[in-house]
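Chains as they are written, first to last, in our numbering: chain A, 3 to 278; chain B, 3 to 278.
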């Protein structure tokens, strides 16, 4: 088997990892560093302008491993859910315009005032079913990303890969999963559920879990600086048939966001070779 | 069915909820408030002296719903694991001395320098099997407490009730589970696994998940202040056959630990009646 871990052509940089950068800077910075794939968040794509972003990416011959992010489907009333769906259709279109391999979905947590996580999960399923025809038509696969259970209340009520796989089973073609080691590394069923996900794995995100972790959202580590057995999880996704990129997504207000993004990219490259 | 939620005789106070208090103060404060059950941590029992603690608790006619905590079984070498087991045997003896209904176990996370969570989980299983004969002899049930996945690295590698139930199946008599809403509320399999735990539920801990949560360890909420559907989970444990206490365990450095403990108890009583 081709040793993916030493192949820089399979490294992708999520724009959150170099948050100070605009899309233009991300495109140029990655090109400078010899990195050929990116995964931008919608804010920087929109700031650039979708058409211009698409041209810029094409001109630099970059692969877009995903557009981050759609989702946030849950709401306390029908108008809120409709607005979320409309926004997600636009996200699908944006993903299509920049030729993203998938639209990453952070599905949403409990609506304001709700304690009913079962209902939130039903809302997510219903919204996905409603969004899917548009996504299929646009040729943009939807990547359901299970988020760590510590985000169940405020970000995503899909918290295990098993749940995401169940959704894929129910939804059929056009729905897949994004596996982010940060969210799933602790899962006792990880190996089984990665194998089950199989060809439905649309994206693979890497970073690390720091000990201690000082902030629930913004204290992710660089690969190798934490306790996640990256090589073991990499072997699981490869055994499941995944041949795509390793996308580095590090939300780190206290450390990596403060550094020179060019330096961050150099370290991503080095760690990708050494520990991912 | 008896409506347990309005019965103050089934309210128990974990000493962490009123952290400024010594065991003596906890005993007297609960008695003053008309609360008849406590669950102390080992530090305050040891500070009081185990014999004296036992007498004090007996004299005040208090139920001890659990001793917190044994566990922390994982270590990077055999000597470390032996020391942990020795300490756990002492914890069992202390639990026996104060007539605790169970010894609560926080099983331990990754040993220092390890990234192998599978190995940590094996260490836990082996340690439990080794501790169990002593616990059976002492008549102290071991309550395996699954901890929220955000503690997988540094506190407990048993992170779902399913895992704890699997361990109970393997270990047999003398092993049970502690269900703490804080750790399990997000679990898509919660209802099924609580039903499966059934009579193995040795303790039921209540508190709440705040949005936002500002600290992984020390920002738990008072029941009713967060997003956990306490009544729904209570119904699950009752349907599983649990007829024991609701034990309030709130680790809250920024709020509840700063308040007058007598006031905290009054609020616990009120919330126990109204929302638990």
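Idealized CB from N, CA, C, for every residue including glycine.
Just so you know, these numbers come straight off a predicted model, no measurement behind them.
Asked	Found
Residue 55 of chain A (DSSP reduced to helix, strand or coil)	helix
Cα-Cα separation, residue 265 of chain B to residue 187 of chain B	27 angstroms
Endpoints, beta strand (DSSP E) assigned at residue 181 of chain B	177-182
Any 3 or more C-beta pairs closer than 8 angstroms across the region 46-55 of chain A and the region 8-26 of chain A	yes
Chain B contact for residue 194 of chain A (CB, 9 angstroms cutoff)	no
is_contact[residue 270 of chain B, chain A] using C-beta, thresh 9 angstroms	no
Those runs of the beta strand (DSSP E) which lie wholly inside the region 76-153 of chain A and span at least 3 residues	105-108 and 144-146
Counted within 10 angstroms of its Cβ, other Cβ atoms place residue 189 of chain B as buried (16 or more) or exposed	buried
Whole-angstrom C-beta distance between residue 250 of chain A and residue 19 of chain A, which should lie under 8 angstroms	5 angstroms
Three CB pairs or more closer than 8 angstroms across the region 197-207 of chain A and the region 197-206 of chain B	no
Cβ-based neighbour list, residue 238 of chain B, same chain, cut-off 6 angstroms, excluding 5 preceding and 5 following	193 and 196
Residue from A:219, A:11, A:210 and A:179 whose Cα sits closest to the Cα of residue 106 of chain A	A:179
Under 7 angstroms from the C-beta of residue 207 of chain B: neighbouring residues of chain A	Those within 7 angstroms of residue 207 of chain B in chain A number zero; the least Cβ separation is about 17 angstroms.
Minimum Cβ-Cβ distance from residue 161 of chain B to chain A less than 9 angstroms	yes
Host beta strand (DSSP E) of residue 208 of chain B (start-end)	203-208
CA-to-CA distance, residue 156 of chain B to residue 276 of chain A, given in whole angstroms	25 angstroms
Interface flag, residue 275 of chain A vs chain B, CB-CB below 9 angstroms	no
Within 7 angstroms of chain A by C-beta, residues of the region 147-180 of chain B in sequence order	150, 151, 152, 154, 155, 156, 161, 162 and 165
Closest residue to residue 133 of chain B among B:174, B:247, B:150 and B:204 (Cα-Cα distance)	B:174
For residue 16 of chain B and residue 41 of chain B, believed in contact at Cβ under 8 angstroms, the rounded distance	4 angstroms
Three-way DSSP call (helix, strand, coil) for residue 70 of chain B in this model	strand
Alpha-carbon spacing of residue 170 of chain B relative to residue 148 of chain B, whole angstroms	12 angstroms
Residue 181 of chain A and residue 160 of chain A closer than 9 angstroms at C-beta	no
Residues of the region 215-227 of chain A whose Cβ lies closer than 7 angstroms to any Cβ of chain B, in chain order	215 and 218
Three-pair Cβ contact test at 8 angstroms for the region 215-225 of chain B versus the region 113-127 of chain A	no
Proximal residues to residue 236 of chain A (C-beta, below 6 angstroms), its chain only, five neighbours per side dropped	none
CB contact flag (residue 158 of chain A, residue 73 of chain A, <9 angstroms)	yes
Residue of A:232, A:233 and A:209 minimising C-alpha distance to residue 258 of chain A	A:209
Contact check, residue 176 of chain A vs residue 67 of chain A, beta carbons under 9 angstroms	no
Cβ-based burial, residue 96 of chain A [other Cβ within 10 Å; buried from 16]	buried
Residue-chain proximity (residue 118 of chain A, chain B), Cβ-Cβ < 9 angstroms	yes
Endpoints, alpha helix (DSSP H) assigned at residue 240 of chain A	232-241
Cβ shell of residue 140 of chain A (< 6 angstroms), same chain only, five flanking positions each side left out	94 and 98
Three-way DSSP call (helix, strand, coil) for residue 38 of chain B in this model	coil
Contacting positions in the region 102-115 of chain A - beta carbon closer than 7 angstroms to chain B	112
Chain B contact for residue 236 of chain A (CB, 9 angstroms cutoff)	no
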